[in-house]
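Visitor:
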Amino acid sequence: MPGYHCNWFTRMFWLHWFELDHVYLHPSRRNYLEHAFSPVKAFNGRNHFVIPYLVQIPYYVWIGKRQSAQPLTDSSKQSGWTRLPYNPAKPEHTQFSTYIYGFTWEDPQADIAALDLQSGDNIMVITSAGDNALAYAAHTNGLTIHCVDMNPCQNHLLELKLAALSTLDYSQFWSMFGVGRLPNFKKVLDTELSAELSLPAYQYWRSHLDTFTSNTSNSLLTSLMSLGRHNLYTTGYSGLALRCLAVVTKLLGVSKDLKQISGASSLTDQIKIWCSRVSHNLLSSTSIHILDNPLAIWRLMGVPSNQLKMLHDEGSMSQYVRDTLDPVFLSTHISSNNYFYRMLICQQYSQTCCPDYLTKPAFGKLQEIARNTQDTTFNIHTATIVDTLQKMKPGELSKAVIMDHMDWCTPDEADAEIDALKTALKQGGFVLWRSAARIPWYVANFKASGFKVEAISVRQPNTQTALDRVNMYASFYKATKP
Numbered sequence: 000m001p002g003y004h005c006n007w008f009t010r011m012f013w014l015h016w017f018e019l020d021h022v023y024l025h026p027s028r029r030n031y032l033e034h035a036f037s038p039v040k041a042f043n044g045r046n047h048f049v050i051p052y053l054v055q056i057p058y059y060v061w062i063g064k065r066q067s068a069q070p071l072t073d074s075s076k077q078s079g080w081t082r083l084p085y086n087p088a089k090p091e092h093t094q095f096s097t098y099i100y101g102f103t104w105e106d107p108q109a110d111i112a113a114l115d116l117q118s119g120d121n122i123m124v125i126t127s128a129g130d131n132a133l134a135y136a137a138h139t140n141g142l143t144i145h146c147v148d149m150n151p152c153q154n155h156l157l158e159l160k161l162a163a164l165s166t167l168d169y170s171q172f173w174s175m176f177g178v179g180r181l182p183n184f185k186k187v188l189d190t191e192l193s194a195e196l197s198l199p200a201y202q203y204w205r206s207h208l209d210t211f212t213s214n215t216s217n218s219l220l221t222s223l224m225s226l227g228r229h230n231l232y233t234t235g236y237s238g239l240a241l242r243c244l245a246v247v248t249k250l251l252g253v254s255k256d257l258k259q260i261s262g263a264s265s266l267t268d269q270i271k272i273w274c275s276r277v278s279h280n281l282l283s284s285t286s287i288h289i290l291d292n293p294l295a296i297w298r299l300m301g302v303p304s305n306q307l308k309m310l311h312d313e314g315s316m317s318q319y320v321r322d323t324l325d326p327v328f329l330s331t332h333i334s335s336n337n338y339f340y341r342m343l344i345c346q347q348y349s350q351t352c353c354p355d356y357l358t359k360p361a362f363g364k365l366q367e368i369a370r371n372t373q374d375t376t377f378n379i380h381t382a383t384i385v386d387t388l389q390k391m392k393p394g395e396l397s398k399a400v401i402m403d404h405m406d407w408c409t410p411d412e413a414d415a416e417i418d419a420l421k422t423a424l425k426q427g428g429f430v431l432w433r434s435a436a437r438i439p440w441y442v443a444n445f446k447a448s449g450f451k452v453e454a455i456s457v458r459q460p461n462t463q464t465a466l467d468r469v470n471m472y473a474s475f476y477k478a479t480k481p
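Just so you know, we're using numbering that gives the first Met the number 0 here: the sequence shown kicks off at 0 and counts up by one.
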């Protein structure tokens with residue numbers, strides 16, 4: 000478990016400190032517990048009661064059961080979902096200490112239109128924050144959805160949403176994921192959600208209680224800089240991006256104007272504010288220079304160097320940003336129908352502008368799914384896409400949605416993934432993806448592997464029409480296995 004071990008100094012210090020009082024805390028005690036019994040829930044913490052944050056006494060709470068009581072599989076099976084086992088010590092998992100995306104940044108409306116979902120479909124998606132997987136489940140009954148992410152924290156976030164759907168009422172659920180705050184999160188986690196969470200997910204959220212507890216400050220610095228984490232959506236890498244955006248828009252003098260856009264009663268009013276007061280400031284050379292920095296764009300937006308190169312191969316960052324933002328603010332009404340950009344401005348949702356899974360009708364349907372296994376089921380894989388696909392039976396998969404993942408790959412990685420997709424997909428099955436490039440280099444790799452590739456939509460330079468409500472990607476593709 001992450002956080003299980005103390006460093007050598009603190010381990011030796013506390014070991015000998017308690018020995019003075021004839022309390023023996025050798026690590027072998029817990030090792031034997033976990034050898035003799037199977038863990039059900041565990042929490043590894045630090046006690047700050049003596050001198051807060053200076054003296055941190057390590058402790059753990061551990062609940063286990065007899066090995067004979069174990070099911071045949073060691074996966075974590077809940078009512079409507081299964082968290083498949085994984086080794087948290089593997090390097091591909093330990094590189095992540097939090098989630099990159101606290102919300103999903105792809106438009107599920109466009110996905111659903113292209114997917115043509117049917118009852119009985121077996122689909123694979125990249126977890127991200129889980130929003131789109133939940134949108135698919137709310138749209139069509141009888142799906143098997145494989146949610147795959149190499150980052151354990153992304154799957155912890157999806158698990159939390161499923162556990163909350165299973166146990167909480169709508170007002171609590173809205174507080175957690177609409178507003179992003181729940182003051183009594185610790186109590187709710189321990190008394191209601193914990194029984195529905197896998198051991199690593201519970202451990203993660205028990206160590207991150209401040210994610211949902213308000214931590215706002217009245218200090219002048221916090222008011223001016225808005226850098227304090229104060230809800231779910233200001234945590235993680237995407238949360239850092241939101242907080243930095245708040246700073247940049249204040250420095251550029253457009254913060255109040257963007258707030259007005261987020262509440263504009265009509266598209267006409269929105270366009271007037273965007274064109275006259277926001278566009279020329281927000282798309283200034285200073286902003287573009289910040290975004291064109293590889294480190295900044297990775298940390299703030301999760302854009303890797305491979306993807307940035309694809310963008311530059313077809314144009315400039317300035318052109319790309321303008322082609323992204325102008326069509327959004329000129330053709331989509333932010334306050335009523337674009338929860339993506341309203342989130343960037345307001346750092347929370349409204350009940351009239353939110354992801355599908357947060358609406359009352361979807362909540363009722365998803366709650367039924369989370370509570371039983373007879374309809375749609377979620378299988379949560381903490382693994383690479385290739386590893387997950389290789390464990391499937393040939394032809395098991397109907398459809399796959401891999402977002403912009405292929406932009407991140409090297410040619411060898413792309414070929415390995417395309418081969419795995421070809422084996423796992425049934426005849427006539429297909430994969431959807433988005434790209435920062437209008438013509439991604441790996442289209443040729445799909446074609447060489449026998450896929451029929453078609454562009455669903457491609458964004459042209461200087462366009463005024465958004466591809467979807469996000470419009471962040473230059474293209475949307477479909478590759479079908481013949």
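Idealized CB from N, CA, C, for every residue including glycine.
1) With DSSP as the reference, identify every bridge partner of valine 327, one or two as the case may be.
2) Can you tell me the Cα-Cα spacing of glutamate 105 and valine 400, whole angstroms?
3) Which residues bound the beta strand (DSSP E) around isoleucine 379?
4) With a cut-off of 8 Å, do at least 3 Cβ pairs link the region 441 to 450 to the region 408 to 422?
5) Quick check on leucine 19: buried or exposed, where buried means 16 or more other Cβ atoms within 10 Å of its Cβ?
6) If you measure between the beta carbons of proline 439 and methionine 405, is that distance less than 8 Å?
7) Which class does arginine 468 belong to by DSSP, given the choice of helix, strand or coil?
8) State the CB to CB distance for the pair leucine 164 and leucine 357, rounded to an integer number of angstroms; the pair is presumed to be in contact (CB under 8 Å).
9) Specify, as a first and last residue, the run of the beta strand (DSSP E) that cysteine 146 falls within.
10) Just to confirm, are alanine 128 and phenylalanine 102 a CB contact at a threshold of 8 Å?
11) Given a cut-off of 8 Å on the beta-carbon distance, is the pair tryptophan 80 and phenylalanine 339 in contact?
12) At which residues does the alpha helix (DSSP H) containing lysine 517 begin and terminate?
13) With DSSP collapsed to three states, give me the class of arginine 10.
14) Nearest chain D C-beta to valine 442 closer than 8 Å, yes or no?
15) With DSSP as the reference, label tryptophan 432 as helix, strand or coil.
16) Can you give me the start and stop residues for the alpha helix (DSSP H) that methionine 123 sits inside?
17) Are there 16 or more other CB atoms within 10 angstroms of the CB of threonine 126, so buried, or fewer, so exposed?
18) Run through DSSP, which three-state label would tryptophan 297 get?
19) Since alanine 454 sits in a beta bridge, which residues does DSSP pair it with?
20) Could you have a look at leucine 223 and say whether DSSP puts it in helix, strand or coil?
21) Can you confirm whether the region 197 to 207 touches the region 33 to 41 when touching is taken to mean that 3 or more C-beta pairs between the two stretches lie within less than 8 Å?
Guide: Walking through what the data contain:
1) Beta-bridge pairing links valine 327 to no other residue.
2) Going by C-alpha positions, glutamate 105 is about 11 Å away from valine 400.
3) In the DSSP annotation of this structure, the continuous segment of the beta strand (DSSP E) that includes isoleucine 379 starts and ends at 376 to 380.
4) The answer is yes - the region 408 to 422 touches the region 441 to 450, with three or more Cβ pairs under 8 Å.
5) Exposed is the call here.
6) It is a contact, given that the beta carbons lie within the stated cut-off.
7) In the three-state scheme derived from DSSP, where H, G and I count as helix and E and B as strand, arginine 468 is classed as coil.
8) Taking the Cβ atoms as the reference, leucine 164 lies roughly 11 Å from leucine 357, outside the contact range of under 8 Å.
9) Start and end: 143 to 147.
10) If you check the CB distance, alanine 128 and phenylalanine 102 come in under 8 Å.
11) Against a cut-off of 8 Å, the Cβ pair of phenylalanine 339 and tryptophan 80 comes out as no contact.
12) Only positions 0 to 481 of the chain appear in the structure, and residue 517 is not among them; the question remains open.
13) When DSSP states are grouped into helix, strand and coil, arginine 10 belongs to the helix group.
14) Checking the listed chains, one finds no chain D in this structure; it contains a single protein chain.
15) It is a strand residue.
16) Annotation for methionine 123: no alpha helix (DSSP H) segment contains it, though the beta strand (DSSP E) segment containing it runs 121 to 125.
17) Taking every protein chain shown into account, the CB of threonine 126 has 16 or more other CB atoms within 10 angstroms, so this residue is buried.
18) Assignment of tryptophan 297 by DSSP, reduced to helix, strand and coil, places it in the helix class.
19) Answer by DSSP bridge pairing, in chain order: Tyr476.
20) In this prediction, leucine 223 scores a pLDDT of 46, lower than 50, which makes its location untrustworthy; the coordinate-derived value is nonetheless stated afterwards. Of the three classes helix, strand and coil, the one that applies to leucine 223 here is helix, per DSSP.
21) Yes, the region 33 to 41 touches the region 197 to 207.
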